[in-house]
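Residue numbering for the sequence shown follows our numbering, starting at 209 and increasing by one per position. We treat Cβ as the ideally placed atom computed from N, Cα and C, and that holds for glycine. Following: one structure in structure tokens, then a few remarks.
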Amino acid sequence: MEKQKAVFKALKAAFPYTIPVFTGFTFLGISYGVLMTVSGFPAWCPILISVAVYGGSLQFAAVAMLLSAFAPAEVFAVALMVQARHLFYGITMISRYNNTGWKKFFLIFGMSDETFSINCSTKPPEDIDRPWFMLWVTLLDWAYWVGGTAVGAVLGNFITFNTEGLDFAMTAMFVVIFIEQWLKDKKHYTAVIGAAASVVCLLIFGADSFLIPTMLCILIMLAIFRKPVEKAGEEQ
């Protein structure tokens, strides 16, 4: 009974942090489901892909690849390039995923930009089980994406509409998460490092090639300023 209470308590603590993700993932999932069905795929196909792949932007890119000639090497290269940022997310989360037991498998599978942002920057209250908190954040975000895809897949069989501009929901969601973290933190080391690295790498490498250099730059800067960043987190 006590364990069940702890699990439910972790769910209650995690859910409010995922509300911005719910908004973004629902609209993006719907647009993805509609795009797949109007492209000629059966409704079960986008749902299955969202359940098993859970790749966000990769899934949108995969629509054109699935409609083109069979080219596994090209698909692999594109998937690796689009999702390469998760390598850096994984390195950052190694210590946080220690001692999570069986939960680690889904935590690794369910890693996304938004889930990483919440689980990396949020420190749950002392009385909340952290592994369960991270698992609920991961599970809820995954469920939002799959649920949105299912709704879009069904709607796509009946209506079609122009989905241009719907992907801005993802950008808006990141802005909201960034603002919330900025307002919560007393010292803005991580926010300043992330913003500065993004701007500098964008100017140097351009919009098409700045993502991986940005992640490398952020990783290096966080390693250099690890002690003040950790101290600020402990003080908070």
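| Query | Result |
| --- | --- |
| Short CB-CB distance (under 8 Å) between L288 and chain C | You won't find chain C in this structure, because it holds only one protein chain. |
| Candidates D321, F216, Y297: closest to W424 by CA position | Note on residue identity: the sequence assigns Leu, not Trp, to residue 424. Checking every option, the nearest Cα to that of L424 belongs to Y297. |
| DSSP state of R338 mapped onto helix, strand, coil | helix |
| DSSP state of T330 mapped onto helix, strand, coil | coil |
| Helix, strand or coil at H396 according to DSSP, with G and I counted as helix | coil |
| Cβ neighbours of V259 in the same chain (closer than 8 Å, five flanking residues each side left out) | V354 |
| Whole-angstrom distance between L219 and P228, CA atom to CA atom | 16 Å |
| Under the three-state DSSP convention, the category T308 falls into | coil |
| Distance, I255 Cα to L343 Cα | 21 Å |
| Residue range of the alpha helix (DSSP H) that includes I227 | 227 to 246 |
| Buried or exposed by the 16-neighbour rule on C-beta atoms within 10 Å, applied to D416 | exposed |
| heavy atom of the ligand GTP below 7 Å from F433 C-beta | This structure lacks the ligand GTP, and indeed carries no ligand of any kind. |
| Contact under 8 Å by Cβ, P421 with F433 | no |
| Where Q212 falls, given that 16 or more other Cβ within 10 Å makes a residue buried | exposed |
| Nearest to V290 (by Cα), restricted to the options W252, S320, F341 | S320 |
| Sequence-distant residues of the same chain with beta carbon closer than 6 Å to I238, five excluded per side | G356, V359, G360 |
| Cα-Cα separation between L419 and E210, rounded to whole angstroms | 44 Å |
| S258, enclosing alpha helix (DSSP H) - first and last residue | 252 to 260 |
| Buried versus exposed call for A221 [16 or more other C-beta atoms within 10 Å across all chains shown] | buried |
| When G248, I387, I428, K394 are compared against A405, the one with the closest alpha-carbon | I428 |
| DSSP three-state assignment for S320, whether helix, strand or coil | coil |
| Residue interval of the alpha helix (DSSP H) (run including F249) | No alpha helix (DSSP H) holds F249; DSSP gives it neither H nor E. |
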